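So the sequence lines, in the order shown, correspond to chains R and D.
For the first sequence, position 173 matches number 173 in my numbering, and the numbering has no gaps at all.
For the second sequence, position 48 matches number 381 in my numbering, and the numbering has no gaps at all.
Each residue gets a CB set at the ideal place from its N, CA and C atoms; glycine is no exception.
Values in this document were obtained by computation on a predicted structure and should not be read as measured data.
2 protein chains.
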Amino acid sequence: MTTIRDVARRAGVAPITVSRVINDSGYVSEKTRQRVEEAIAELNYVPNALSQGLRFNKTNVIALVLSDVTNPFWTTVARGTEDASSEENYSVILCNTDEDVAKQDKYTDLLLRRQVDGFLLVPVSNTIDTIRFIQQQGVSLVVLDRQMPGVSVDTVRADSEGGAYELTRYLTELGHRDIAILSGPEDVSTSTQRVAGYQRALQHAHLEVDSELISFGSFYQDSGYERTMKLLALSRPPTAIFAGNNFIAIGMMKALYESGLRIPEDMSVVGFDDLPPGLLVRPFLTVADQPAYEMGFRATKLLLERIANPGKPPHQEIVLPTRLVIRQSCRAI
Amino acid sequence: MTTIRDVARRAGVAPITVSRVINDSGYVSEKTRQRVEEAIAELNYVPNALSQGLRFNKTNVIALVLSDVTNPFWTTVARGTEDASSEENYSVILCNTDEDVAKQDKYTDLLLRRQVDGFLLVPVSNTIDTIRFIQQQGVSLVVLDRQMPGVSVDTVRADSEGGAYELTRYLTELGHRDIAILSGPEDVSTSTQRVAGYQRALQHAHLEVDSELISFGSFYQDSGYERTMKLLALSRPPTAIFAGNNFIAIGMMKALYESGLRIPEDMSVVGFDDLPPGLLVRPFLTVADQPAYEMGFRATKLLLERIANPGKPPHQEIVLPTRLVIRQSCRAI
DNA sequence: TTACCAAATGGTATGGGTACCATAGCGTTT
DNA sequence: AAACGCTATGGTACCCATACCATTTGGTAA
Chain R
1 MTTIRDVARR AGVAPITVSR VINDSGYVSE KTRQRVEEAI AELNYVPNAL SQGLRFNKTN
61 VIALVLSDVT NPFWTTVARG TEDASSEENY SVILCNTDED VAKQDKYTDL LLRRQVDGFL
121 LVPVSNTIDT IRFIQQQGVS LVVLDRQMPG VSVDTVRADS EGGAYELTRY LTELGHRDIA
181 ILSGPEDVST STQRVAGYQR ALQHAHLEVD SELISFGSFY QDSGYERTMK LLALSRPPTA
241 IFAGNNFIAI GMMKALYESG LRIPEDMSVV GFDDLPPGLL VRPFLTVADQ PAYEMGFRAT
301 KLLLERIANP GKPPHQEIVL PTRLVIRQSC RAI
Chain D
334 MTTIRDVARR AGVAPITVSR VINDSGYVSE KTRQRVEEAI AELNYVPNAL SQGLRFNKTN
394 VIALVLSDVT NPFWTTVARG TEDASSEENY SVILCNTDED VAKQDKYTDL LLRRQVDGFL
454 LVPVSNTIDT IRFIQQQGVS LVVLDRQMPG VSVDTVRADS EGGAYELTRY LTELGHRDIA
514 ILSGPEDVST STQRVAGYQR ALQHAHLEVD SELISFGSFY QDSGYERTMK LLALSRPPTA
574 IFAGNNFIAI GMMKALYESG LRIPEDMSVV GFDDLPPGLL VRPFLTVADQ PAYEMGFRAT
634 KLLLERIANP GKPPHQEIVL PTRLVIRQSC RAI
């Protein structure tokens with residue numbers, strides 16, 4: 001490998017002078033600068049960011065720890081993160097936890113060793129300890145998507161309660177009285193907040209909350225499929241179903257399709273999270289769209305700001321509004 | 334920050350002894366080991382991977398440079414990469430080039446500085462120089478998805494020619510004689526190879542190749558949409574269309590839908606790349622499915638092997654077969 | 001008892017780059 | 001001519017962990 005010393009020897013100067021040229025700091029005469037730059041070009045010298053990182057105590061690397069990039073929602077968040085960080089010459093290390101505490105722990109340790117300058121974390125449920133540990137190590141941290149009660153931490157998330165309220169309100173105004181919700185895991189804030197918004201809308205419409213119509217489960221398709229089948233088997237099935245995320249919505253629609261029920265003629269449906277616009281020929285599902293790209297982008301900008309100014313103003317919680325996108329998946333009753 | 338010296342002081346030993354405990358190397362008495370481990374726990378010591386990397390000349394980080402994670406094909410590749418590398422305690426830095434040479438150059442430089450142990454690269458078209466530069470810096474490299482003539486380099490890709498042949502063959506056997514292909518950019522190997530497979534199938538069926546039915550363009554939806562519209566405006570439009578990738582297929586289907594043409598009654602269509610199974614309620618498009626996850630996984634394993642054994646056996650080219658998935662988007666003629 | 005060896009531990013240099021301080025040349029001010 | 005300050009450059013120590021060599025202790029073989 002070519003080092004700064006090789007370049008220095010070739011240019012006939014001291015290593016520190018090469019360093020000055022590279023970083024454009026301090027005094028270097030035009031003649032020397034040229035000689036050094038020639039030497040750099042001739043030797044194809046590439047500065048070693050490890051030793052710079054060691055010296056400066058700064059790596060310009062941040063970690064993005066989320067459940068699964070395969071979900072287009074997270075993909076989009078990841079893209080926002082990448083764009084925001086590359087603007088400031090930061091690199092992103094991507095890690096998938098699959099909602100598994102062990103994986104999250106493993107990655108946290110690995111990333112701390114790597115001296116990442118900051119964490120963007122979508123915490124696995126009930127892992128406040130991880131957050132505390134990162135904070136205690138003095139590494140900047142922004143929590144994404146989920147609210148973590150019990151710790152003071154910067155957070156960027158979407159307004160699950162509000163979005164769910166709007167969606168449900170839309171259904172009640174169409175005349176629906178029996179509305180089911182297929183939410184996510186009970187220990188994830190986004191799940192409970194979506195149920196809370198749903199309940200508030202029902203109350204607003206003076207409808208009773210029927211616990212049979214509320215369910216929690218995983219955020220994956222199978223769960224949407226199975227729970228929809230159960231709903232259809234009820235003595236009095238709902239006239240509308242609210243899917244707690246995009247995957248649940250897919251499972252739900254599959255179940256309806258297989259049961260021979262048409263949307264919206266036989267069942268009105270709405271969902272949280274849009275599916276990526278590129279992927280459907282004809283999007284028809286009415287949804288509360290979360291600004292995924294913006295979420296990634298803003299969380300990253302906030303993180304980089306925290307890294308740049310480690311002085312501790314109070315932690316922020318940025319709640320981004322969702323957007324009600326009305327399409328053709330609901331009918332009036 | 335807590336360093337190995339702090340731990341050593343606390344445990345009353347020399348730093349090197351702590352190092353031995355951490356890495357489980359050399360002789361350490363049971364008593365000392367315990368004292369050191371206690372000190373580590375008490376101080377929440379986390380070893381600094383930067384200095385280890387500097388010392389060992391190894392970072393356990395690889396780079397994944399692709400065009401855009403937002404495309405589900407690449408998302409899946411990325412997931413394969415992440416899984417394969419985390420198995421061996423490697424981390425992945427993800428970069429999107431958007432097929433832009435300047436971005437690729439910028440990232441290459443940045444990643445070389447960061448002393449990544451290897452590159453997984455989906456090269457922007459006509460950028461052999463980038464590949465040469467990385468190789469010349471002595472960093473392991475595996476090219477993904479695309480064939481780069483003119484350099485000797487490890488490559489993992491899918492069999493575009495073969496997949497295109499199968500798809501086209503399927504259409505000719507259904508009786509189609511006027512088959513159009515909407516390929517990707519002319520300077521990307523996957524595009525030309527798909528056209529080549531298409532042509533071979535036509536020749537096999539003793540059909541003439543009509544250059545009016547062959548087009549190159551971007552891999553994005555708009556391009557698929559526009560070129561489909563042009564095809565429909567021909568005096569003698571095709572009876573079947575072959576979309577060169579998943580996004581082109583979406584654009585194509587949108588154009589057909591807006592033109593009031595039904596699939597497969599009025600137009601038979603096939604595509605390269607499947608859409609992620611999770612994202613469609615009812616997949617109906619007949620496709621040549623590329624093993625995206627496996628591609629990422631195997632390319633990563635190959636890269637890690639190269640990193641572990643820098644001895645240079647001849648470069649490999651691994652060509653993964655595509656899988657013809659027949660659904661309901663074509664009719665016999 | 002001496003010689004020798006394994007076990008246990010530590011001192012110092014090293015990896016690549018830079019902060020800090022030192023030095024020297026040269027022009028300007030008084 | 002002395003004093004000062006700016007420009008230009010270099011020496012040394014340090015960031016953190018570890019390779020290498022050295023040293024000490026205790027035990028076993030001759």
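In whole angstroms, what separates the C-alpha of residue i from that of residue j?
i      : j      : result
D/G495 : D/D622 : 12 Å
D/G557 : D/A497 : 17 Å
D/Q480 : D/D431 : 18 Å
D/L443 : R/Q52  : 13 Å
R/A292 : R/I250 : 19 Å
D/L637 : D/V361 : 32 Å
D/L635 : D/I467 : 17 Å
D/I349 : D/I337 : 8 Å
D/E627 : D/L608 : 16 Å
D/Q469 : R/E186 : 53 Å
D/R446 : D/F605 : 37 Å
R/K103 : R/P72  : 21 Å
D/L657 : D/G530 : 14 Å
D/G593 : D/M586 : 11 Å
D/L589 : D/T619 : 16 Å
D/A417 : D/M562 : 42 Å
R/T239 : R/R262 : 12 Å
D/D433 : D/R502 : 35 Å
In its own chain, which residues sit with a C-beta less than 7 Å from the C-beta of residue i, not counting the 5 before and 5 after it?
i      : result
R/K58  : D117
R/A14  : A8
R/P123 : T130, I131, V143, R146 and M148
R/V21  : V28, R33, V36 and E37
D/Q661 : P597 and F617
The beta strand (DSSP E) that contains residue i, what's its start and end?
i      : result
D/G386 : Careful: D/G386 lies outside any beta strand (DSSP E), inside the alpha helix (DSSP H) at A382 to F389.
D/L397 : V394 to L399
D/T619 : T619 to D622
R/L320 : E317 to L320
R/R323 : R323 to V325
D/S601 : S601 to F605
D/F575 : A573 to A576
Looking only at its own chain, which residues have a Cβ that is under 6 Å from the Cβ of residue i, when we skip the five neighbours before and after it?
i      : result
D/S493 : T523, Q526 and R527
R/R306 : S140
D/R343 : A372
R/G296 : V77, G80 and T81
R/R200 : Y165
R/Q221 : F247, I250 and G251
Taking 6 Å as the cut-off, is the CB of residue i close to at least one heavy atom of the ligand ZN?
i      : result
R/V143 : Absence of the ligand ZN is noted for the structure shown, with no ligands found whatsoever.
Among residues of its own chain, excluding the 5 on either side of residue i, which ones have a beta-carbon nearer than 8 Å to its beta-carbon?
i      : result
R/R331 : L174, P264, E265 and S268
R/R236 : D178
D/Y440 : A396, V398, C428 and T430
D/T335 : L376, N377, Y378 and V379
Can you name the start and end residues of the alpha helix (DSSP H) that residue i belongs to?
i      : result
R/E226 : Q221 to L232
D/E375 : E363 to L376
D/A588 : N579 to E591
D/K634 : A625 to A641
D/S352 : P348 to N356
D/F466 : I461 to Q469
Q | Residues within the region 461-473 of chain D neighbouring chain R, beta-carbon criterion of under 9 Å | A | Cβ contacts with chain R: F466, Q469, Q470 and G471.
Q. In the region 432-445 of chain D, which residues sit with their C-beta less than 9 Å from some C-beta in chain R, listed in chain order?
A. For the region 432-445 of chain D, which is checked against every Cβ of chain R, the residues closer than 9 Å are K436, K439, Y440, D442, L443, L444 and L445.
Q. Which parts of the region 142-205 of chain R are runs of the beta strand (DSSP E), unbroken and 3 residues or longer, counting only runs that do not cross its ends?
A. Complete beta strand (DSSP E) runs here, min 3: 154-158 and 179-182.
Q.
Beta carbons nearer than 9 Å to chain D: which residues of the region 47-69 of chain R have them?
A. The region 47-69 of chain R vs chain D, Cβ under 9 Å: P47, N48, A49, L50, S51, Q52, G53, L54, N57, T59, N60, V61, A63, L64, D68 and V69.
Q: Entirely within the region 94-122 of chain R and at least 4 residues each: give me those alpha helix (DSSP H) ranges in chain order.
A: Fully enclosed alpha helix (DSSP H) runs of 4 or longer: 101-113.
Q: Could you name the residues of the region 416-430 of chain D whose beta carbon sits closer than 9 Å to any beta carbon of chain R, in the order they occur along the chain?
A: Answer in chain order: D416, S419, N422, S424, V425, I426, L427, C428 and N429.
Q | Residues of the region 115-129 of chain R whose Cβ lies closer than 7 Å to any Cβ of chain D, in chain order | A | Answer in chain order: Q115.
**Q.** Residues of the region 568-593 of chain D whose Cβ lies closer than 7 Å to any Cβ of chain R, in chain order
**A.** Cβ contacts with chain R come from F580, I583, M586, K587 and Y590.
**Q.** Chain-ordered residues of the region 21-32 of chain R with a beta carbon less than 8 Å from chain D
**A.** Residues passing the 8 Å Cβ filter: none.
Q.
Can you pull out the residues from the region 636-652 of chain D whose beta carbon lies closer than 8 Å to at least one beta carbon of chain R?
A. Correct list: empty, as no residue qualifies.
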